[in-house]
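Student: Numbering (the UniProt record's numbering), first residue to last: 1 to 74. Don't be surprised by glycine CBs; every beta carbon is placed ideally from N, CA and C.
1. Would the beta-carbon of residue 40 fall within 8 Å of that of residue 32?
2. Report yes if the CB atom of residue 42 is closer than 8 Å to the CB atom of residue 19, and no otherwise.
3. Measure the alpha-carbon distance for residue 56 versus residue 34 and round it to whole angstroms.
4. Do you know how far the Cα of residue 54 is from the Cα of residue 74?
5. Is residue 52 near residue 29, with beta carbons less than 8 Å apart?
6. Quick one: what does DSSP say residue 73 is sitting in, helix, strand or coil?
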């Protein structure tokens, strides 16, 4: 039984995840975004590379994020 209402403030957080060099076997039982028949992939698979250096990915994300949002990282 509810005796009193506790007000709350809703928070919204928008994030993204990027599989870079992931072991895709962990995703075998995942239905991505509820879409059956679709697979999970990773950056190294899509680029046809055995491994993608994380620093390379970080540098490019920062570069294009800054360009897109006209922002500087401090």
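Tutor: In brief:
1. yes
2. yes
3. 31 Å
4. Whole-angstrom Cα-Cα distance: 20 Å.
5. no
6. coil
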